[in-house]
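Numbering (this note's numbering), first residue to last: 3 to 512. We put the CB at the ideal spot given by N, CA and C, even for glycine. A quick note: this is a predicted structure, and the numbers were derived from the prediction, not measured. Worksheet: the structure to be examined is printed underneath.
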Amino acid sequence: LTHSATRVRLYICVNGTRVVDTDDVLTKEEQIYLLNEAKEKCHHVALRPSSQDGNCLPEWDGIICWPESLPSKKVAVRCPDYVYDFNHQGHAYRRCDVHGNWELVPNMNKTWANYTECAIFFAPERQNQEKEVFDRLRIIYTVGYSISLASLVVAMCILCYFKRLHCTRNYIHLHLFASFVCRAVSIFVKDLVLYSTSRHEGLQKTMFASPFFQAGCKVAVTIFLYFLATNHYWILVEGLYLHSLIFMAFLSNKSYLWALTLIGWGVPAVVVSVWASVRASLADTQCWDLSAGNMKWIYQVPILAAVVVNFFLFLNIVRVLASKLWETNAGKLDPRQQYRKLLKSTLVLMPLFGVHYVVFMAIPYTAVSSVLWQIQMHYEMLFNSLQGFFVALIYCFCNGEVQAEIKKDRFRRNLVLDIKQKTRAASAGGSYSYGGLVSHATNSVSLSMASWGVTSAAAVAMPLEYTPASSTLDNSPSQEMMQKVLEENIGATALEGKHSCLKKELETML
Numbered sequence: 003l004t005h006s007a008t009r010v011r012l013y014i015c016v017n018g019t020r021v022v023d024t025d026d027v028l029t030k031e032e033q034i035y036l037l038n039e040a041k042e043k044c045h046h047v048a049l050r051p052s053s054q055d056g057n058c059l060p061e062w063d064g065i066i067c068w069p070e071s072l073p074s075k076k077v078a079v080r081c082p083d084y085v086y087d088f089n090h091q092g093h094a095y096r097r098c099d100v101h102g103n104w105e106l107v108p109n110m111n112k113t114w115a116n117y118t119e120c121a122i123f124f125a126p127e128r129q130n131q132e133k134e135v136f137d138r139l140r141i142i143y144t145v146g147y148s149i150s151l152a153s154l155v156v157a158m159c160i161l162c163y164f165k166r167l168h169c170t171r172n173y174i175h176l177h178l179f180a181s182f183v184c185r186a187v188s189i190f191v192k193d194l195v196l197y198s199t200s201r202h203e204g205l206q207k208t209m210f211a212s213p214f215f216q217a218g219c220k221v222a223v224t225i226f227l228y229f230l231a232t233n234h235y236w237i238l239v240e241g242l243y244l245h246s247l248i249f250m251a252f253l254s255n256k257s258y259l260w261a262l263t264l265i266g267w268g269v270p271a272v273v274v275s276v277w278a279s280v281r282a283s284l285a286d287t288q289c290w291d292l293s294a295g296n297m298k299w300i301y302q303v304p305i306l307a308a309v310v311v312n313f314f315l316f317l318n319i320v321r322v323l324a325s326k327l328w329e330t331n332a333g334k335l336d337p338r339q340q341y342r343k344l345l346k347s348t349l350v351l352m353p354l355f356g357v358h359y360v361v362f363m364a365i366p367y368t369a370v371s372s373v374l375w376q377i378q379m380h381y382e383m384l385f386n387s388l389q390g391f392f393v394a395l396i397y398c399f400c401n402g403e404v405q406a407e408i409k410k411d412r413f414r415r416n417l418v419l420d421i422k423q424k425t426r427a428a429s430a431g432g433s434y435s436y437g438g439l440v441s442h443a444t445n446s447v448s449l450s451m452a453s454w455g456v457t458s459a460a461a462v463a464m465p466l467e468y469t470p471a472s473s474t475l476d477n478s479p480s481q482e483m484m485q486k487v488l489e490e491n492i493g494a495t496a497l498e499g500k501h502s503c504l505k506k507e508l509e510t511m512l
């Protein structure tokens, strides 16, 4: 099961819609059970009377139930699908000799059989080729999740630092960012546990490990599945919130944040807890990174439901955007410009709604050597691992509101630093005035402001107590004007802080 274990552990790292093992990877116990089941069926077939004397009789060889055959015939049987690692498109072969006996290997008392086509995946050159593919894919998702992790941490710091960005919309963004961060970290931790040794040693370690290691492995897999589920549900929450801004504006109220938080973190906790309890009770074998039959549907169905619901929300929002675009710009824009704007909005929404999960959702995994499989896995590795980066880019780094806050903060810092330097120069060399007046410092440096627009910006950035006392006389026109601008800007800032317009919310989201 080394090959299957390696394949499924790679799937665990990235797949959201078919998390872990949609290709029905088998545990060792499940494989033995299926072989015993096939053996029993073969014995029932062998008890039936022969259709003709002199034929080779049905026989179980430990892997395949060989059917009755005429003498001097070569029998071909499809490689059984209950043996996971077999090439299920190939055939195994036996020969029935002229005497009605299965042909033996020369000089050996063993029945001859050819399993070459079935065991094609076991060929060293084939395994080396697959190892190269797996290593390349692992590098892709490791680099992708690292980029996402770094960008998400920076985005979270930005949203937390600026108090004017604290609102329901950005609180939801923070939860979404946190879910992506937790997903990336859990993948790295799980990789550290499962890939801490070489491939062969890792398998031996998993199969014959101490209870302590197996417990840690189970915890790592369980935590990964939880954060994988929370990530999908916070993507769903983002979709529900944006949908509510368009169709049910009352949901934009901050009081509904608790309900959305419960959906994002609580529902996955219940689902994964149920799965872990069932798995521990009915299939507590080795590490839980391999499948345990139909138990996987306990957590896969809720995740699939979230993906499907989000996809329909995406389609509905795109429909509304298209209709509004046509109504608003009827006769104003060239049709090509309208299509371009709609395409831009659609492309922005796609990573936010996880639309890429739907592309290969209904396509089963095929052989590793197939072109379709490699296209599918490279696509999923790339987009799944970089989705966090795209979300941080759209919701934070390219957000006009965030960019404005960063520019104001940078201007405020530069202005305060400039004022401090000029104040020190003024106190050392003489009087100093602001607002277009010239400093009389000993070094004769001009300290004039560029315009009153700069002064008003300084008023917003600098409270009254930061205004130098030695700048001008008490009732000078320049000081009165600066005081008036300061009061106007403080009032405008307070009004802007209380204003939460739905149109602005939608423009910021889209």
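Grouping DSSP H, G and I as helix and E and B as strand, with all else coil, what is residue i?
i    : result
L106 : strand
H90  : coil
S71  : strand
E61  : strand
Y95  : strand
R138 : helix
K112 : coil
A78  : strand
Q129 : helix
T144 : helix
P353 : helix
F164 : coil
I34  : helix
S448 : A caution first: S448 carries a pLDDT of 35, below 50, which makes its placement in the model unreliable, though a value can still be read off. Residue state, collapsed to three classes: coil.
I66  : coil
E39  : helix
T348 : helix
A152 : helix
V100 : coil
S429 : helix
Y84  : coil
A48  : helix
C159 : helix
Y258 : helix
Y434 : For Y434, the predicted model reports a pLDDT of 46, less than 50, meaning its position is unreliable; a value from the coordinates is still stated below. Y434: coil per DSSP, three-state reduction.
Excluding five sequence neighbours on each side, which residues of the same chain lie with their C-beta closer than 7 Å to the C-beta of residue i?
i    : result
H93  : A78, V79, R80, C81, E119
L154 : F179, F182, V183, G390, A394
V357 : F313, F316
S71  : N57, C58, V77, C98
S188 : I225, F226, F229
How far does the alpha helix (DSSP H) with residue i in it reach, from first residue to last?
i    : result
C219 : 213 to 249
N172 : 170 to 196
If I measure Cβ to Cβ from residue i and keep anything under 8 Å in the same chain, skipping five residues before and after, which residues do I get?
i    : result
E105 : R96, R97, C98, D99, T113, W114
N172 : L161
P479 : Unreliable positioning characterises P479 in this predicted model, as indicated by a pLDDT of 42, which lies under 50. The coordinate reading is nonetheless provided below. Answer for P479: no residue qualifies.
Throw me the rounded Cβ distance for the residue i and residue j pair, which I believe falls under 8 Å.
i    : j    : result
Y117 : Q33  : Not confirmed; about 16 Å, so no contact.
S387 : G64  : Actually they do not touch by this definition, with Cβ atoms about 42 Å apart.
L167 : E403 : 7 Å
A40  : Y84  : 6 Å
T151 : A186 : Residue identity differs from the one stated: residue 151 is Leu in this sequence, not Thr. L151 to A186, Cβ: 4 Å. Contact.
K346 : L327 : Contact flag wrong, Cβ pair sits at about 11 Å.
R321 : M297 : So it is not a contact: roughly 38 Å between Cβ atoms.
I265 : Y235 : 6 Å
Ignore the nearest five residues each way along the sequence and tell me which others in residue i's own chain have a CB closer than 6 Å to its CB.
i    : result
K192 : A222, F226
S279 : none
F355 : G241, N312, F316
F392 : P353
H175 : Y397
I149 : F391
A324 : L344
Would you say the beta carbon of residue i comes nearer than 8 Å to a heavy atom of the ligand FAD?
i    : result
T348 : Of ligands this structure carries none, so the ligand FAD is not represented either.
Length at least 3, wholly inside the stretch 262 to 341: the beta strand (DSSP E) runs in chain order: Here no run is fully enclosed.
Those runs of the alpha helix (DSSP H) which lie wholly inside the stretch 359 to 425 and span at least 4 residues: Under the rule that a run must span 4 or more residues, the alpha helix (DSSP H) segments found entirely inside the stretch 359 to 425 read 373 to 394.
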